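A.B. asks: In this note's numbering, the protein residues as written are 150 to 307.
Note that CB positions come from ideal geometry on N, CA and C, so glycine has one too.
Please read these numbers as outputs of a predicted model, since none were measured by experiment.
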Amino acid sequence: MNKTHVIEHLRFALEAQLQNAKAAAKAAHDAATHEESVAETQYDTLGLEAAYLAQGQAERVNECYRDIQAFNTVFKESEFNKVREGALVCLIDEQDNAKWFFMGPSAGGLVVTVKEQAIYVVTREAPLGKQLIGKQIDDEITLTIAGNTQFYNITEIL
150 MNKTHVIEHL RFALEAQLQN AKAAAKAAHD AATHEESVAE TQYDTLGLEA
200 AYLAQGQAER VNECYRDIQA FNTVFKESEF NKVREGALVC LIDEQDNAKW
250 FFMGPSAGGL VVTVKEQAIY VVTREAPLGK QLIGKQIDDE ITLTIAGNTQ
300 FYNITEIL
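1. Considering just the uninterrupted stretch of the beta strand (DSSP E) at phenylalanine 161, what are its terminal residues?
2. Give the DSSP-derived three-state secondary structure of alanine 247 in the structure shown.
3. Is it right to say aspartate 216 is buried, meaning 16 or more other beta carbons lie within 10 angstroms of its own, or is it exposed?
4. Which residues bound the beta strand (DSSP E) around glutamine 299?
5. Judging by CA-CA distance, which residue of Ala165, Phe161, Ala200 is the nearest neighbour of alanine 177?
6. Would you report the Cα separation of glycine 257 and threonine 182, rounded to the nearest angstrom?
7. I'd like to confirm the pairing. Which residues does DSSP put opposite glutamine 266 in its beta bridges?
8. Whose C-alpha, out of Val260, Glu289, Ile241, is nearest the C-alpha of alanine 162?
9. Could you tell me the alpha carbon to alpha carbon distance between glutamine 280 and glutamate 265, rounded to whole angstroms?
10. Which class does aspartate 287 belong to by DSSP, given the choice of helix, strand or coil?
11. Using the DSSP secondary-structure output, state which residues sit across from leucine 237 in a beta bridge.
12. Run the CB neighbour count on glutamine 127, radius 10 Å, all protein chains shown included, and call it buried at 16 or more, exposed below.
13. Would a C-beta distance cut-off of 8 Å place cysteine 213 and leucine 167 closer than the cut-off?
14. Could you check if glycine 235 is buried or exposed, using at least 16 other CB atoms within 10 Å of its CB as the buried criterion?
15. Given a cut-off of 8 Å, decide if isoleucine 286 and isoleucine 268 are closer than it, judged by their beta-carbon atoms.
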């Protein structure tokens, strides 16, 4: 796995999230300020609801900017002998299936595909992230989800 390509794909995905958030914020702002959003009666809340939506979308844009800034910090890290933020980690399950995870500072759940391989962003707050932080190659991870226990072995840390 080429970590440089993974970082490039993560940058594109974060930028795409930002652009989508900006478009949604603009649409929500336009709806909130449109002449049809003006209340006609005291019970007409369309304009108020649109304003709350616009505020939430603006906060999402700010969150995207914070994510990009946080990732830019961890992208600068290059050498890892233990799992920490910025590490690209390969886990092998009991059936010898490989799964790749990027320990991100935020944006948990983001998935990018590099050469037909899914890379999952996981944060230290996630159950898997809590298990991974500080581990080394050949350490075993045990993860139980909905009563189903999975065992993984760390095979690479980039």
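C.D. replies: So, to answer that:
1. Here phenylalanine 161 belongs to no beta strand (DSSP E); instead the alpha helix (DSSP H) covers 152 to 182.
2. strand
3. buried
4. 297 to 306
5. Ala200
6. 33 Å
7. Val263
8. Val260
9. 26 Å
10. coil
11. Phe251
12. Residue 127 lies beyond the range of the chain shown here (150 to 307); nothing can be said about it.
13. yes
14. buried
15. no
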